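Heads up: the sequence shown begins at 18 in our numbering, then just goes up one per residue.
Have a look at the structure below before the remarks.
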Amino acid sequence: MLGSKPRVHLYILPCASQQVSTMGDRGTSNHSEMTDFILAGFRVHPELHILLFLLFLFVYAMILLGNVGMMTIIMTDPRLNTPMYFFLGNLSFIDLFYSSVIAPKAMINFWSENKSISFAGCVAQLFLFALFIVTEGFLLAAMAYDRFIAICNPLLYSVQMSTRLCTQLVAGSYFCGCISSVIQTSMTFTLSFCASRAVDHFYCDSRPLQRLFCSDLFIHRMISFSLSCIIILPTIIVIIVSYMYIVSTVLKIHSTEGRKKAFSTCSSHLGVVSVLYGAVFFMYLTPDRFPELSKVASLCYSLVTPMLNPLIYSLRNKDVQEALKKFLEKKNIIL
Numbered sequence: 018m019l020g021s022k023p024r025v026h027l028y029i030l031p032c033a034s035q036q037v038s039t040m041g042d043r044g045t046s047n048h049s050e051m052t053d054f055i056l057a058g059f060r061v062h063p064e065l066h067i068l069l070f071l072l073f074l075f076v077y078a079m080i081l082l083g084n085v086g087m088m089t090i091i092m093t094d095p096r097l098n099t100p101m102y103f104f105l106g107n108l109s110f111i112d113l114f115y116s117s118v119i120a121p122k123a124m125i126n127f128w129s130e131n132k133s134i135s136f137a138g139c140v141a142q143l144f145l146f147a148l149f150i151v152t153e154g155f156l157l158a159a160m161a162y163d164r165f166i167a168i169c170n171p172l173l174y175s176v177q178m179s180t181r182l183c184t185q186l187v188a189g190s191y192f193c194g195c196i197s198s199v200i201q202t203s204m205t206f207t208l209s210f211c212a213s214r215a216v217d218h219f220y221c222d223s224r225p226l227q228r229l230f231c232s233d234l235f236i237h238r239m240i241s242f243s244l245s246c247i248i249i250l251p252t253i254i255v256i257i258v259s260y261m262y263i264v265s266t267v268l269k270i271h272s273t274e275g276r277k278k279a280f281s282t283c284s285s286h287l288g289v290v291s292v293l294y295g296a297v298f299f300m301y302l303t304p305d306r307f308p309e310l311s312k313v314a315s316l317c318y319s320l321v322t323p324m325l326n327p328l329i330y331s332l333r334n335k336d337v338q339e340a341l342k343k344f345l346e347k348k349n350i351i352l
């Protein structure tokens, strides 16, 4: 009898990736009756769970070290009291928190046989992740506008990018993220779920949750598509138009050194934008019949991107490097 217990888990988890074809097989149940879900995670041999745990632990430790370090340096060094670093500090804050929504639970599931997450926990995970990821998209657009003003109108930079405007841009990013998250979360959890509780993912995301719905998904998908367009298109347009003006202005600079300096201030931001949007587009353009590819894409923008962002900005930014060197020297003196 002891040997039968693992077989139950091995039977349940693979079912997470399969959509049952008939309504009779599914057995409907109202969402209010759903008490928890099962996060199937990655479909790998149990022996690889230790390797995945160590990989997640390493990445999450790098996220904590990099983003907390970046926020500490920005808050303690007066030379970094500029709009660009104000935005960068908020970017580190967002990266830190939305990765923290996912990574700890995923690591626990690698060790635990009970891979369940409560209904409330699933709602909170989807809400917080949607909040921070959408906020980051709008914040990156604000950072592109900041670089546009700095390069195209340098004499008016301190006037146009005032403390008030920077605060409004950040607050507006959080507001848009909150509104989007409320709509997406309420839209997801007001539909009826079927008897299956297995979510074929390593966290609660709207796309794998849709596979558990018994309701008609046409309206849900249309609203989701419209919401995505409202979120993604304006931010991408702002970024593209800002960099069109930036490139046009930089090409007019006769000094090679001046061009190099101008491009260096934008290369870090472009790298972050490329990694984030590339992973997001890859995930949502991947067909449902390839759920493992979606998980890899989700892994990129939920954990890899927050790990890379501090490295990209610190390696390409002399001000951050000097501030970090000064901070470490102070610590050595104290010690």
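By construction, the Cβ of each residue, glycine as well, lies at the ideal position given by its N, Cα and C atoms.
Bear in mind the structure is a predicted one, so any value in this text is a computation, not a measurement.
Query                                                                                                                                                                             : Result
Using a Cβ-Cβ cutoff of less than 6 angstroms, which residues in the same chain neighbour residue 335 once the five nearest sequence positions on both sides are dropped?         : none
Throw me the rounded Cβ distance for the residue 152 and residue 191 pair, which I believe falls under 8 angstroms.                                                               : 5 angstroms
Is there contact here, the segment 263-272 with the segment 220-232, by at least three beta-carbon pairs under 8 angstroms?                                                       : no
Taking only three categories from DSSP, how would you classify residue 229?                                                                                                       : coil
How is residue 70 classed by DSSP in three states: helix, strand or coil?                                                                                                         : helix
Under the three-state reduction of DSSP, which class applies to residue 11: helix, strand or coil?                                                                                : This structure gives no information on residue 11, because the portion of the chain shown stretches from 18 to 352.
Let's test the definition: count the other Cβ atoms within 10 Å of the Cβ of residue 5 and tell me whether it reaches 16, buried, or not, exposed.                                : The structure shown does not extend to residue 5, since the chain is modelled only from 18 through 352, so no value can be given for it.
Which runs of the alpha helix (DSSP H), 4 residues or longer, sit entirely within the segment 134-192?                                                                            : 136-169 and 174-177
Measure the CB-CB distance between residue 223 and residue 205 and report whether it falls below 9 angstroms.                                                                     : yes
How big is the Cα-Cα spacing for residue 68 and residue 170?                                                                                                                      : 50 angstroms
Since I believe residue 279 is in contact with residue 168 (beta carbons under 8 angstroms), could you give me their beta-carbon distance rounded to a whole number of angstroms? : 5 angstroms
Terminal residues of the continuous beta strand (DSSP E) containing residue 55?                                                                                                   : 53-56
Using the Cα positions of residue 175 and residue 270, report the straight-line distance between them to the nearest angstrom.                                                    : 21 angstroms
With respect to the alpha helix (DSSP H) encompassing residue 308, which residues constitute its N-terminal and C-terminal limits?                                                : 308-316
Identify which residue in 155, 131 and 94 has its Cα closest to the Cα of residue 111.                                                                                            : 155
Does the structure place the segment 181-199 close enough to the segment 306-323 that three or more beta carbon pairs sit under 8 angstroms?                                      : no
Going by DSSP, which residues form a beta bridge with residue 215?                                                                                                                : 55
Helix, strand or coil for residue 303, going by three-state DSSP, please let me know.                                                                                             : coil
Excluding the 5 residues flanking residue 40 on each side, which residues of the same chain have their C-beta closer than 8 angstroms to its C-beta?                              : Low local confidence applies: a pLDDT of 35 at residue 40 is under 50, so the model's placement there is unreliable, with the coordinate-based value given in what follows. Within the same chain, residue 40 has close Cβ partners 231.
Report yes if the CB atom of residue 189 is closer than 9 angstroms to the CB atom of residue 148, and no otherwise.                                                              : no
Between the Cα of residue 344 and the Cα atoms of 97, 284 and 182, which residue gives the shortest distance?                                                                     : 97
Would you list the one or two residues that DSSP bridges to residue 206?                                                                                                          : BP columns for residue 206 are empty, so no partner.
Do residue 53 and residue 101 come within 9 angstroms of each other at the CB atom, strictly closer than that value?                                                              : no
Within the continuous alpha helix (DSSP H) that includes residue 237, where are the two ends?                                                                                     : 235-268
In whole angstroms, what is the alpha-carbon distance linking residue 272 and residue 160?                                                                                        : 25 angstroms
Using three-state DSSP, classify residue 98 as helix, strand or coil.                                                                                                             : coil
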